[in-house]
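Presented below is the structure to which this report refers.
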Amino acid sequence: MDLVQNFPAVSILLCLFAGIISSGLKEKAARYVNTVLIATVMFLNACTLGYVLHTGEAFVYVMGKFPAPWGNEIRVGVLECFMALFFCIIMLLSLLGGRKKLADEVEEGKTFLYYVLMNLLLSSLLALVYTNDLFTAYVFVEINTIAACGLIMIRQNGRTIEAAARYMIMSLLGSGMLLMGICMLYDLTGHLLMSNIKEQVAILSASGEYRIPLLVTIALMSVGLAIKSALFPFHAWLPDAYGYSTVSSAAVLSSLVSKGYIFLLIKIIYRVIGFDIFEASKIIDVLFVFGLMGMIFGSLSAIKENDVRRMIAYSSVAQIGYIYMGIGMGTQAGMAASVFHILSHAATKSLLFIAAIGLTDVSGGSRKFIDLTGAAYRNKWAGVTFTVGSLSMVGVPLFSGFISKLLFAQAAVQNNGKMLPALIVLGISTILNAIYFMKTVIRIYTPVEENKYECITFKDMKLYAVTLVCFIVLNVILGVSSQPIVDLIEQGLAMFS
Amino acid sequence: MCYMILSIFFPILAGIFLLVRKEMKVRKHLLFLTGSFLVLEGILVILAISLAKGELLLLFNLTDRLPILFKIDEVSIIFSALAIVIFLCAGFFSFEYMKHEEKEKRYYGYYLIVLGVLVALCFAGNLITFYLFFELLTLSSMPLVLHNRSREAIMAGLKYLFYSLAGAYMALFGLYFIEKYGNTLTFSAGGVISAQTAEDHMVLLLGIAFVMLLGFGVKAGMFPMHAWLTAAHPAAPAPASAVLSAVIVKAGVLAIVRVVYYIFGASFLRGSWVQKVWLILTLITIFMGSMLAYREPVLKKRLAYSTISQVSYILFGLAVMDGDSVTGGFLHVLSHGFIKAALFLCAGAMIYMTGRTKVKELRGIGKEMPILLWCYTIVSLGLIGIPPTGGFISKWYLALGSLNSGISGFGLAGPIVLLVSALLTAGYLLPVTIHGFLPGEEFDGNTLERKEPSLFMLIPIIVLTVLTVAIGLFPNGIISYLSQIITKII
Amino acid sequence: MGANLFTNYGEAVAMILFGIGFGNLLLQSNLIKKIIGLNIMDTAIYLFLAEKGYVEGRVAPIVVNGVQEAEAYINPIPSGLVLTGIVVSVSVSALMLSITIRLYRRYHTLDLDEISLRLKKEGL
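Chains as they are written, first to last, in the working numbering: chain S, 24 to 520; chain X, 36 to 525; chain F, 8 to 131.
The structure is reproduced here in structure tokens:
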């Protein structure tokens, strides 16, 4: 066995240990540990990605001495490595971008806890991405939920605690359904490892036995994960949770946590149920319809919003709708488009949150649009970045959003039954996106007569500005040279089955 | 090859350079810089279209199937030449006009970027490149519309943005399908849809063609999505309105030329319901634009309505799909470009010198600035379609083509609408001349003194006027050049 | 169908309990009742697992008097899953309770809807 094969398991354990160690450290040390940890994990995953690309096939890493079908396994393919790497990048950038703000938002002396939670979150995300065992996936889903809940309410005010309560309730409903689904699946097949379940499910479905229980299981798991990733109409908790937590939390929650669940769902579709069986079930149409509704209603709510952070949060609802629409199309192309949109949305949404905080900071901390007037002149870097993010969201070519829309459309054109609804809703939702994002961009570039607030220059925010530039570069890379990434995704999806 | 890249990216980079530069202390330096950038770009474009014609330039691949590529053909040459002439004239005009506006640097920066994007749009070799720069055109020209940041201007800018984006997305919607059914997005004269595909998916493809026409028609101010034009054009500073009206609106025309003749092909659309509906829409727009212009008291708004009407002349010519009518359409692209730019610049000069915006207030203006008003009168005659100006030639060909086409009903209805609209055009443009030179007996003309605008303003207007007349006097060269295009696409 | 339901009454009860817990967690506005619902839901799942894991007449796979054949033992994994599940459920309940306490200290009510209303009034 090559040394590299240990890396994914090591990176998960590293995160867990870092979390434990950080809980005994002072703020600065915890921050340092966290940054080094993410960088290390990034490096490890990059190595693994290179290794998997080199060998050209996925490998299985047995945790402990029990072989399949009893033991616990990690399975590493191209897509898993790439996702893990990408998640690390986004998390690092989000934390760097929100670092300065953190001191204002979190109670003095509690900041180290923030990094503990972040480490745990990263470990659970990595585990969700890599694990080959359904029950392990469930346990890490719960760890993820708890860590995310902590990240929401570490900023102590009434809003965040209420948001955390709502978040917990919806999440628990979702994970209850997921657990029930897993138990029933275990009952039906007698396995917990994904690859073994898949074999059994294929046999079951071929023989036609237990058709209804199997359908119920698929429904329970997909709906459970859909609730957890805030698919419309289960999004009620989302605007408060993203809108009032600390900025790094909002960025991480919107771009990583919900994406982790979606990635798990994609894994379940491919590696547990089997793509064909999933496609044949009606659940896929349900996901498709709710995705479409999310695209429209999310945008409509965002238009009505008068608070920039909540507006961005509502836009997440719409974007998650896009992803579920792609999954619901039931084609490989649609799935590839969804995975690409996971990347593009993660890159764009965290960018928007981080840029928005720069703008609200120079507007006296207010997030009302009226106060944001001219904010882009007071903080030029944030203004430019926000504009880039908006253009990407609206789907202007050269940015990542355009490519994902293009991929969705190409996928939709291939599917005759769902072509028209998908394309029409895509068009409507794009126009709605344009309405609220362009409105904001114009608002922040409208000059004000008298400047109430002071301007910020590069000197005051070196780290922040560098982070923003990194975000823009990431976005443009996704938008301009998307082909290698799409190829990678397709290769990874092919490796799944 | 390298001239092609340079002519596209030089102005964009120059514009960005101006935007990020610190405010210049001496205004002359800024003007000198902008002026030399504009002239240099003019030379580059001339070099590009004379040396690099027909060459294929692949910039990069957006995805495997979507290359960003440029190619110069005859249509590109016509539109880019028009763009460069108008931009030079309006640019030099703004050196005087923008004196009292704030943030001049920003204006020139975006002005240059828009020019670069327009040139790229003209040179675009496939639909995705075209779409990319079409979006960028909207985004980069918006700062020109809302330049003075008044509430009215911002609302106009938003309106412009949303109409254009909505239009662009309708076009994008079609792009997805064309990529599937046409298998390529590269422009090729006569269309990319094979006869077999066309037959199999007739209904769908016609529907898509219609959606794309409507979408790109937004930029060209075609009914029913024309409302942005009358809001955006008057709100912008006069030289920017000249550019918007004369060139940027033509980007919509260029888009429709590309979609109809280079993607779907004339033979596919001829005789279909799409052509009929399109003809009806253009005729409605021609008539409605003229009517609204006739009733409008504010001069710049009146000119904007007139643009709606006149651009639909071009679209009408394209919709008839007859050799002569398309020739007329292309001729009208040029003559309307020169005329409308000259008219907006005249209006700008009047506002700049006197501060009066309504037609009624312009009484006796001929006593103050006779040269300006003479130019105004000559180009107005051109727009009405009186020889020996360019407008006459183009309308002649439009009517000829329409009569020859033999499309039931429209062959005759077209020329009639054109005639009525020409009368209305006379009705809304000439009052300025009449009241300007002959203010009436009760008007006290003695208080007026002669105050011709400065040469920076006057020379561009005179140049445009001369060009208008020149097209009318010597159209043969252009027509024979156009026949090269016509034989390929009809 | 009906006969199956009767022979598998344990699973049927588990499903009904799951539904009750789910409904409580979703629909109750009182936070404590929500948490009770959560626990009912989780317990129902454990009941389901335990029912499924137990086979009539077999014993736990603990070797006492020599290894018997595999038929004599039940599958231990469901029991393991139940244990893991209980741990998760306890920690989640604890977190929920702590959130409830914080909210109660601030707003002196357990009604989540009322808390939302007050927050809106505060206009935070």
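For glycine and all other residues, C-beta sits at the position ideal for the given N, C-alpha and C.
Taking 7 Å as the upper bound on Cβ-Cβ separation, chain F lies near residues G181, R182, I184, E185, A187, A188, M191, I192, L195, L196, G199, L202, M203 and C206 of the stretch 181–208 of chain S.
By the Cβ-count criterion, W308 (chain X) is exposed, with fewer than 16 other Cβ atoms from all chains shown falling within 10 Å of its own Cβ. Look at Y337 (chain S): its C-beta is not under 9 Å from any C-beta on chain F. DSSP, reduced to helix, strand and coil, places P405 (chain X) within a helical segment of the structure shown. Around the beta carbon of E165 (chain S), 16 or more other beta carbons sit within 10 angstroms, so the residue counts as buried. A check of alpha carbon separations from L119 (chain F) across F:I106, F:P68, F:L38 and F:E63 identifies F:L38 as the nearest. Taking 4 residues as the shortest admissible run, the stretch 145–225 of chain S contains the following complete alpha helix (DSSP H) segments, listed from N- to C-terminal end: 157–176 and 181–212.
For Y53 (chain F), the enclosing alpha helix (DSSP H) starts and ends at L38 to G60. When CB distances to chain S are screened at a threshold of 8 Å, the residues of the stretch 78–111 of chain X falling below it are F95, N96, L97, T98, D99 and L101, in chain order. Judged by DSSP secondary structure, K106 (chain X) falls within the beta strand (DSSP E) whose first and last residues are L101 to K106. Listed along chain S are V419 and P420, each with a C-beta nearer than 8 Å to that of E170 (chain X).
Selection F:S100, F:P85 and F:G26 evaluated against L211 (chain S) yields F:P85 as nearest (Cα-Cα). Between S175 (chain X) and Y145 (chain X), the gap from beta carbon to beta carbon is short of 9 Å. When rounded, the separation of the alpha-carbon atoms in I296 (chain S) and T159 (chain S) is 17 Å.
With its beta carbon less than 9 Å from one in chain S, R109 (chain F) belongs to the interface. With fewer than 16 neighbouring CB atoms inside 10 Å of its own CB, G388 (chain S) falls in the exposed class. In this structure, the beta-carbon distance from L395 (chain S) to L382 (chain S) falls below 9 Å.
Under a 10 Å Cβ-count criterion, V152 (chain S) is classified as buried, with 16 or more other Cβ atoms of the shown protein chains found around its own Cβ. Residue F:L45 holds the alpha-carbon nearest to the alpha-carbon of G92 (chain F) among F:L45, F:N11 and F:K41.
At a cut-off of 9 Å between C-beta atoms, M461 (chain S) counts as an interface residue with respect to chain X. Rounded to the nearest whole angstrom, the C-alpha separation of C104 (chain S) and M217 (chain S) is 18 Å. CA-CA distance, S367 (chain S) to I508 (chain S), rounds to 11 Å. Out of X:I419, X:S42 and X:L502, the CA that lies nearest to the CA of Y348 (chain X) is found in X:I419.
Taking CB atoms only, E78 (chain F) has no neighbour in chain S less than 9 Å away. Per the C-alpha coordinates, the member of S:N402, S:A325 and S:R122 positioned closest to D263 (chain S) is S:A325. Any Cβ of chain S closer than 9 Å to the Cβ of E214 (chain X) would place that residue at the interface, and such an atom is present.
Less than 9 Å separates the beta-carbon of V253 (chain X) from that of S199 (chain X).
By the criterion of a C-beta distance shorter than 8 Å, D156 (chain S) is surrounded in its chain by N95, E96, L215, L216 and M217, once the five residues flanking it on both sides are discounted. Residue pairing by DSSP places T221 (chain X) opposite X:N161 in a beta bridge.
In this structure the stretch 386–405 of chain X does not touch the stretch 513–522 of chain X; the number of beta carbon pairs closer than 8 Å is below three. Distance from L318 (chain X) to A448 (chain X) at the Cβ level is roughly 7 Å; contact confirmed, criterion being Cβ atoms closer than 8 Å.
Spanning the alpha carbons of S185 (chain X) and Y459 (chain S) requires a straight line of approximately 20 Å. Taking C-beta separations shorter than 6 Å and ignoring five residues to either side along the sequence, the partners of S147 (chain S) in its chain run F163, I166 and N167, following chain order. Taking all protein chains in view, the Cβ of K305 (chain S) is surrounded by fewer than 16 other Cβ atoms within 10 Å, so the residue is classified as exposed. When beta bridges are read from the DSSP output, F82 (chain S) appears opposite S:V99.
K335 (chain X) is a Cβ neighbour of S276 (chain X), given a cutoff of 9 Å.
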